[in-house]
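S.K.: Residue numbers (my numbering): 26 to 604.
From the three backbone atoms N, C-alpha and C, an ideal C-beta is built for every residue, glycine too.
Being a predicted model, the structure only gives us computed values, none of them experimental.
Mind having a look at this structure? Questions to follow.
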Amino acid sequence: MRWTQTYIPTLREAPAEAELISHKLLVRAGYIRKLASGIYLYLPLMQRVIQKFSQIVRDEMNAAGAVEVTMSALAPAEVWQKSGRYETAGREQMRLKDRHGRDYVLNGTHEEVITSLVSGELKSYKQLPLNMYQIQIKFRDEIRPRFGLMRGREFIMKDAYSFDADVESHRVSYQKMVDAYFKIFERAGLDSRMVESDTGAMGGESAHEFMVIVDTSAGEEYLLFCDKCDYAANREKATFRDENPPIIDSEEKELEKVPTPGAATIEEVTAFLKVDANRLVKTLIYKAIDDKDNATPIVALVRGDRELNEVKLNNLVKAVELEMADEDFVCEVTGAPVGFAGPVGLKNKEITIYADHEVMALKNVIVGANEADTHYLNANIGRDFEVTETGDLTTASEGDACPNCDGRLVCKKGIEVGNTFMLGTKYSDSMDAKFLNSNGKAMPFVMGSYGIGITRTPQAAVERYHDDGGIIWPKDIAPYSVEVVPLNYKQDNIREAADSIYAKLSEAGVDVLLDDRPERAGVKLNDADLIGCPVRIAIGAKSLDEGKVELKARNSSEVHLVAVEGIVAEIEKTLKTLK
RNA sequence: CGGGGUGUGGCGCAGCUUGGUAGCGCACCUGCUUUGGGAGCAGGGGGUCGGAGGUUCGAAUCCUCUCACCCCGACCA
């Protein structure tokens, strides 16, 4: 491609709105433009990157036995109502009405649509397993779009759905996708890590995320890895071994109310009472919001030395939304200012109290007394207060003990580029999608769903691979493998050499961009660094007089003088050495 | 939705406090010179100052409302 025939609007300065380096670079280098908040246009260079990455995804999906389809972006509300997610998807679903006033959804994912497709048509276990995928635009009415392509309201995703006759067969299908995912990200030049994740709004049995580890603010999620074994989970999901159990008293002591003036936080209370934080129980008040926007107060109890994990809490509460109570609400529920809430003698006896497992093991704990500047000593479950439900409610963090071995958890940040869900029969049950098994019995499909962010993965690559000058693309997702830069295109011999090299490379099937603009050398070289093609061929007067041009890899500062005749072979050789 | 902030030519910004009829850098167009890491000189085009209302002789500037965008939080691939 000749630069003057395509559209590569590079900018010297990044728009003020861009926060991440990857976002700034994609805008500056002329890959994307914003149309509205969270809505981006993919310019010619980005389009090529998307196509290259998509092709890698297709290759590996096909190799794993999946078949490509395209499903509509638009769906009638009924299919979502049928699964029950029309209610739970809530405000992040893009919705609209047609001219007849009928309700529609712009799909953010396609479990409902594909389940309704196969329902009644996939009839026999003999047709299973089946895995269908598509690469398509998805919509999501994000609360707050940001970070360019990372969190948009419209984005491209590869989504695959597997249908199996039973759980054992599904595990095989799931593993095929996992294997394919590692290959896909490797081919895109990215190291990916698979971590356990919460199933979230998707539901189902278990889930994993594929993450690119970064150390910048682009890391949207905290991940915990064991430094000894292969345990890996995101922070929502991660568990840990309790290494800090308090000494448990053998006898229940008498409940005692003590003044704790000004001691509202765990630190203040432990300092004031001179006790360890693990003898305290944190009482956290939340608003559980249902699908009709009603807020019910709930209480969560975790040991004083732990952090509450809201995702785990809501897995028990099952609210549409969980919201930390504000001061007024805390006051209303407990009758005390923030910092003195406790489970003993809560004003509203109907209130649901969720406690972490660790709390259940404690005796004679210190809790707020629901009265300003006052705490209880020696509170005991069963005697002084009741717990409605128990579960794991704590957040793992760096340095905690691995749940599976004697290693330590290390915390890293990552960008999610893919995910896999074991859905079980959630959708086939709710949407009544069944097949006949070998005994002639109607059974719900065991399903899986598998996503890859087609537009966010390249941005993750930019976040991972760049320098002060611009992007450094992994070669197999670069828009062009080679950029030919004639330093003065007006000079006859330089132009002829550039045109000839461009023609030869094109003929050899190498993706090549020729910067045929009548720009100064500095401008072209800076733009070449900015857009980040893996190999640059610079053609200048001095070396050309000796029949040579300069070959430079974007990821290295070494410049090689290469004879014009051997240039194609030399470039192909260089490309082979690049990631 | 809560908190904070910003809207002035394509991009980045100044001007606003103290009202007087819009400016700078980059980009763009023309000419000459220059030509290996974002050239120089000269000339030129382009902005209802986000929108609506109001105050005033006069509003980018003050007031009210509104819209958009960005940052932090909740949500999330």
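(1) Between which two residues does the alpha helix (DSSP H) holding Leu550 run?
(2) Between the segment 117-137 and the segment 40-53, are three or more C-beta pairs nearer than 8 Å?
(3) Would the beta-carbon of Ile273 fall within 8 Å of that of Glu179?
(4) Keeping to the same chain, check which residues put their C-beta closer than 7 Å to that of Arg212; ignore five residues upstream and five downstream.
(5) Distance check for Glu93 and Phe250, CA to CA, integer angstroms please.
(6) Could you tell me which residues DSSP pairs with Lys122 in its beta bridges?
(7) Please list the segments of the beta strand (DSSP E) lying wholly inside the segment 26-82, counting only runs of 3 or more residues, in order along the chain.
(8) Nearest to Glu352 by CA position, among Lys307, Gly364, Ile406, is which residue?
(9) Between the C-alpha atoms of Ile168 and Ala39, what's the straight-line distance to the nearest angstrom?
(10) At which residue ranges does the segment 323-350 contain complete alpha helix (DSSP H) runs of 4 or more residues, listed in the order of the chain?
(11) I'd like to know if the segment 449-468 and the segment 288-306 are in contact, where contact means that at least 3 CB-CB pairs between them fall below 8 Å.
(12) Determine the DSSP secondary structure at His233, reduced to helix, strand or coil.
(13) Less than 7 Å between C-beta atoms, sequence neighbours within five positions excluded: which residues of the same chain meet that for Leu99?
(14) According to DSSP, which residues form a beta bridge with Arg561?
(15) Taking Gly449 as the reference, give the member of Glu193, Ser141, Asp315, Ala41 with the closest Cα.
(16) Is there contact between the segment 477-496 and the segment 246-265, where contact requires at least three CB pairs shorter than 8 Å?
(17) Shortest alpha-carbon distance to Gln516 belongs to which of Ala566, Gly329, Gln200?
(18) Using the beta-carbon count (16 or more within 10 Å), is Thr308 buried or exposed?
(19) On the CB-based measure, 16 or more other CB atoms within 10 Å of its CB, does Asn87 come out buried or exposed?
(20) By DSSP, does Val203 sit in helix, in strand, or in coil?
(21) Assign Ser275 to one of two classes, buried (16 or more other C-beta atoms within 10 Å of its C-beta) or exposed (fewer than that).
(22) Along the chain, which unbroken stretches of the beta strand (DSSP E) at least 3 residues long are found entirely within the segment 393-452?
(23) Is the separation between the beta-carbon of Leu50 and that of Ile57 shorter than 8 Å?
(24) Rounded to whole angstroms, what is the Cα-Cα separation between Leu338 and Leu538?
(25) DSSP has Lys208 in a bridge; who is on the other side?
(26) Grab me the residues of Tyr490's own chain with a C-beta within less than 6 Å of its C-beta, minus the 5 sequence neighbours each way, in chain order.
(27) Along the chain, where does the alpha helix (DSSP H) that runs through Leu142 open and close?
(28) For Asp184, write down the residues that DSSP places opposite it in a beta bridge.
(29) Out of Asn319, Ile378, Asn340, Leu371, which one is the CA nearest neighbour of Cys356?
(30) Using the C-alpha atoms, what's the distance from Met26 back to Thr35?
(31) Would a C-beta distance cut-off of 8 Å place Val412 and Ala404 closer than the cut-off?
(32) So for Ala258, helix, strand or coil by DSSP?
(33) On the three-pair Cβ rule with 8 Å, is the segment 588-601 touching the segment 572-580?
(34) How far does the beta strand (DSSP E) with Glu352 in it extend, from its first residue to its last?
(35) Go to Ile314, then tell me how far its beta strand (DSSP E) extends in each direction, as first and last residue.
(36) Whole alpha helix (DSSP H) runs in the segment 483-541 with 4 or more residues, listed along the chain?
M.R.: Quick answer:
(1) 546-556
(2) no
(3) no
(4) Ile81, Asp501
(5) 34 Å
(6) Asp128
(7) 57-61, 64-67
(8) Gly364
(9) 24 Å
(10) 335-342
(11) no
(12) strand
(13) Tyr129, Leu131
(14) Glu508, Lys577
(15) Glu193
(16) no
(17) Ala566
(18) buried
(19) exposed
(20) helix
(21) exposed
(22) 399-404, 414-416, 434-449
(23) no
(24) 53 Å
(25) Answer is none; Lys208 lacks a bridge partner.
(26) Ile497
(27) 136-143
(28) Gln159, Gly476
(29) Leu371
(30) 16 Å
(31) no
(32) strand
(33) yes
(34) Where Glu352 is concerned, there is no enclosing beta strand (DSSP E), although the alpha helix (DSSP H) it sits in stretches over 352-359.
(35) 306-314
(36) 517-532
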